[in-house]
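Protein chains: 2
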Amino acid sequence: MATTTAARRREIARTEYDAFLAACPSRQLLDRLSDKWVGLVLAALSNGPQRYNEIARTVAGVSQKMLTQTLRTLERDGLATRTVTPTVPVRVDYELTDLGQSLLPVMRAIKDWAEAHMDDVLLARSRYDMEKMTG
Amino acid sequence: MATTTAARRREIARTEYDAFLAACPSRQLLDRLSDKWVGLVLAALSNGPQRYNEIARTVAGVSQKMLTQTLRTLERDGLATRTVTPTVPVRVDYELTDLGQSLLPVMRAIKDWAEAHMDDVLLARSRYDMEKMTG
DNA sequence: CCGTATCCACAATGATACTG
DNA sequence: CAGTATCATTGTGGATACGG
Numbered sequence: 001m002a003t004t005t006a007a008r009r010r011e012i013a014r015t016e017y018d019a020f021l022a023a024c025p026s027r028q029l030l031d032r033l034s035d036k037w038v039g040l041v042l043a044a045l046s047n048g049p050q051r052y053n054e055i056a057r058t059v060a061g062v063s064q065k066m067l068t069q070t071l072r073t074l075e076r077d078g079l080a081t082r083t084v085t086p087t088v089p090v091r092v093d094y095e096l097t098d099l100g101q102s103l104l105p106v107m108r109a110i111k112d113w114a115e116a117h118m119d120d121v122l123l124a125r126s127r128y129d130m131e132k133m134t135g
Numbered sequence: 136m137a138t139t140t141a142a143r144r145r146e147i148a149r150t151e152y153d154a155f156l157a158a159c160p161s162r163q164l165l166d167r168l169s170d171k172w173v174g175l176v177l178a179a180l181s182n183g184p185q186r187y188n189e190i191a192r193t194v195a196g197v198s199q200k201m202l203t204q205t206l207r208t209l210e211r212d213g214l215a216t217r218t219v220t221p222t223v224p225v226r227v228d229y230e231l232t233d234l235g236q237s238l239l240p241v242m243r244a245i246k247d248w249a250e251a252h253m254d255d256v257l258l259a260r261s262r263y264d265m266e267k268m269t270g
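Protein chains in written order, with the working numbering: chain D, 1 to 135; chain G, 136 to 270.
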């Protein structure tokens with residue numbers, strides 16, 4: 001009995017913690033921003049409205065599936081709008097909302113830190129790896 | 136021949152883009168920050184040096200494996216230091232470096248935006264889902 | 001042109017058990 | 001106390017083919 005208690009308590013702790021994380025605003029935001037394509041699409045849209053294929057060209061490496069998925073989550077979260085013009089063939093424009101615009105300074109804070117300090121990180125990394133090898 | 140060319144060009148584009156992303160400082164930073172546990176460990180260490188088990192208690196939901204892995208990457212990237220005191224049993228302290236400290240304002244920018252705007256996002260999300268259901 | 005649907009490969013995470 | 005090693009599971013993204 002006693003042996004199972006520890007495992008059981010860990011399990012409960014994890015469940016509670018998962019709930020806590022799921023409700024944590026910072027984590028929710030980080031989950032969005034850290035998506036492989038969100039940042040790039042945000043950057044593409046920061047220059048004004050864009051058509052689907054324009055974004056696809058700007059974010060050259062993205063697959064159709066992931067671009068659509070990314071744009072859908074942005075729309076769902078109120079960060080971008082999707083406007084369909086029912087011509088033939090159809091035309092779809094995406095544009096940042098005010099909420100989406102307000103995210104740009106945050107992205108820039110990240111970019112600024114990265115450009116200022118990532119070389120330090122890279123240096124630390126190679127030193128660390130070096131020491132590992134030499135013993 | 137012509138049919139394979141399109142797929143081939145996409146493949147090349149993806150390879151080049153992957154290389155571009157791998158070299159992009161912002162993406163490298165986002166990859167770190169977005170790690171499930173990095174933000175939480177950073178927050179734990181923001182109050183000063185901590186022992187391994189103290190961090191484990193603060194970040195209640197983390198497994199031993201992930202905590203160790205997270206701390207190792209922070210150390211490797213020069214964001215935290217690891218100090219071993221060879222008593223019996225051994226004592227290990229972790230502490231943020233200046234570089235690690237400089238990351239805290241960035242985390243706070245993220246946290247501030249999240250606390251100010253995530254309810255808007257949640258609202259937009261539920262409206263979007265509602266419209267989906269009602270047709 | 002702008003997607004959706006399906007399948008598949010691989011990386012990330014956690015549970016568990018063991019060590020100095 | 002502070003890890004390491006292994007296995008099982010899940011999630012994420014890409015390729016491909018098809019639809020409005």
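We put the beta carbon where it would ideally sit given N, CA and C, even for glycine.
Exercise. In angstroms, rounded to a whole number, what distance separates the CA positions of leucine 33 (chain D) and serine 26 (chain D)?
Worked result: As a position in the first sequence, residue 33 (chain D) is number 33, starting the count at 1. As a position in the first sequence, residue 26 (chain D) is number 26, starting the count at 1. Roughly 10 Å separates the two Cα atoms.
For this session: For arginine 76 (chain D), return the contacting residues in chain G, with the cut-off set at a CB-CB distance below 8 Å.
Result: Within the first sequence, numbered from 1, the residue matching residue 76 (chain D) stands at position 76. Going along chain G in sequence order, the residues near arginine 76 (chain D) (Cβ under 8 Å) are Ala259, Arg260, Tyr263 and Asp264.
Problem set entry | N-terminal and C-terminal residue of the alpha helix (DSSP H) that aspartate 233 (chain G) is part of | Against the second sequence, residue 233 (chain G) aligns to sequence position 98. Start and end: 233–236.
Exercise. Whose C-beta lies closer than 8 Å to the C-beta of arginine 82 (chain D) among residues of the same chain, with five residues either side of it excluded?
Worked result: Working through the first sequence from its first residue, we reach residue 82 (chain D) at position 82. Answer for arginine 82 (chain D): Leu71, Glu75, Val92, Asp93 and Tyr94, listed in chain order.
Exercise. Taking lysine 200 (chain G) as the reference, which of G:Lys171, G:Pro221 and G:Gly235 has the closest Cα?
Worked result: To locate residue 200 (chain G), count along the second sequence from 1; it is residue 65. When each option's Cα is compared against that of lysine 200 (chain G), the closest is G:Lys171.
Problem set entry | Distance between arginine 125 (chain D) and isoleucine 190 (chain G) (C-alpha atoms, nearest Å) | Numbered from 1 along the second sequence, position 55 holds the residue referred to as residue 190 (chain G). Numbered from 1 along the first sequence, position 125 holds the residue referred to as residue 125 (chain D). So the two alpha carbons sit approximately 23 Å from each other.
Problem set entry | Members of the segment 147–164 of chain G that neighbour chain D once the beta carbon cut-off is set at 9 Å | Ala148, Arg149, Thr150, Glu151, Tyr152, Asp153, Phe155, Leu156, Cys159, Pro160, Ser161, Arg162, Gln163 and Leu164
Exercise. Got a sec: is the Cβ-Cβ distance from serine 46 (chain D) to anything in chain G below 8 Å?
Worked result: Within the first sequence, numbered from 1, the residue matching residue 46 (chain D) stands at position 46. Closer than 8 Å: no.
Exercise. I think leucine 104 (chain D) touches serine 63 (chain D), with their Cβ atoms under 8 Å apart; what is that distance to the nearest whole Å?
Worked result: Here residue 104 (chain D) refers to the residue found at position 104 when the first sequence is read from its first residue. Here residue 63 (chain D) refers to the residue found at position 63 when the first sequence is read from its first residue. About 25 Å; that fails the 8 Å criterion.
Problem set entry | Residue closest to leucine 30 (chain D), alpha-carbon to alpha-carbon, out of G:Glu266, G:Met265, G:His252 and G:Asn188 | As a first step, residue 30 (chain D) must be located in the first sequence, where it is residue number 30. Minimum Cα distance to leucine 30 (chain D) is reached at G:His252.
Exercise. Which bits of chain G does aspartate 93 (chain D) rub up against, with CB to CB less than 9 Å?
Worked result: Residue numbering aside, residue 93 (chain D) sits at position 93 when the first sequence is read from its first letter. The contacting residues do not exist; aspartate 93 (chain D) stays about 18 Å from chain G at best.
Exercise. Exposed or buried, what is valine 219 (chain G) when buried is set at 16 or more other beta-carbons lying within 10 Å of its beta-carbon?
Worked result: In the second sequence, the residue the question calls residue 219 (chain G) occupies position 84. That one is exposed.
For this session: Using a Cβ-Cβ cut-off of 8 Å, state whether tryptophan 248 (chain G) counts as contacting chain D.
Result: Position 113 of the second sequence holds residue 248 (chain G). Judged by the 8 Å Cβ criterion, tryptophan 248 (chain G) is in contact with chain D.
For this session: Per DSSP, which residues does valine 227 (chain G) bridge with? Please list them.
Result: Locating residue 227 (chain G) in the second sequence gives position 92, counting from the first residue. Bridge partners of valine 227 (chain G): G:Val219.
Exercise. For glutamine 185 (chain G), which residues does DSSP report across the bridge?
Worked result: The sequence position of residue 185 (chain G) within the second sequence is 50, counting from 1. G:Tyr229.
For this session: Starting from the C-beta of leucine 67 (chain D), find all residues in its chain whose C-beta is less than 8 Å away, skip the five residues before and the five after it, and write them out in chain order.
Result: Counting from 1 along the first sequence, the entry for residue 67 (chain D) is found at position 67. Contacts found: Trp37, Val41, Tyr52, Ile55, Ala56 and Val59.
Exercise. Would the beta-carbon of leucine 99 (chain D) fall within 8 Å of that of glycine 78 (chain D)?
Worked result: In the first sequence, the residue the question calls residue 99 (chain D) occupies position 99. In the first sequence, the residue the question calls residue 78 (chain D) occupies position 78. Yes, Cβ-Cβ distance for leucine 99 (chain D) and glycine 78 (chain D) is below 8 Å.
Problem set entry | For glycine 61 (chain D) and arginine 149 (chain G), believed in contact at Cβ under 8 Å, the rounded distance | For the purposes of this step, residue 149 (chain G) is identified with residue 14 of the second sequence, where counting begins at 1. For the purposes of this step, residue 61 (chain D) is identified with residue 61 of the first sequence, where counting begins at 1. 5 Å between Cβ atoms; contact.
Exercise. Using 8 Å as the limit for Cβ to Cβ distance, is methionine 133 (chain D) near chain G?
Worked result: What you label residue 133 (chain D) is simply residue 133 of the first sequence in a count that begins at 1. Answer no: the Cβ-Cβ gap between methionine 133 (chain D) and chain G never drops below 8 Å.
For this session: Along the alpha helix (DSSP H) that carries glycine 174 (chain G), what are the first and last residues, could you check?
Result: Here residue 174 (chain G) refers to the residue found at position 39 when the second sequence is read from its first residue. 173–180 is the span of the alpha helix (DSSP H), which, as asked, contains glycine 174 (chain G).
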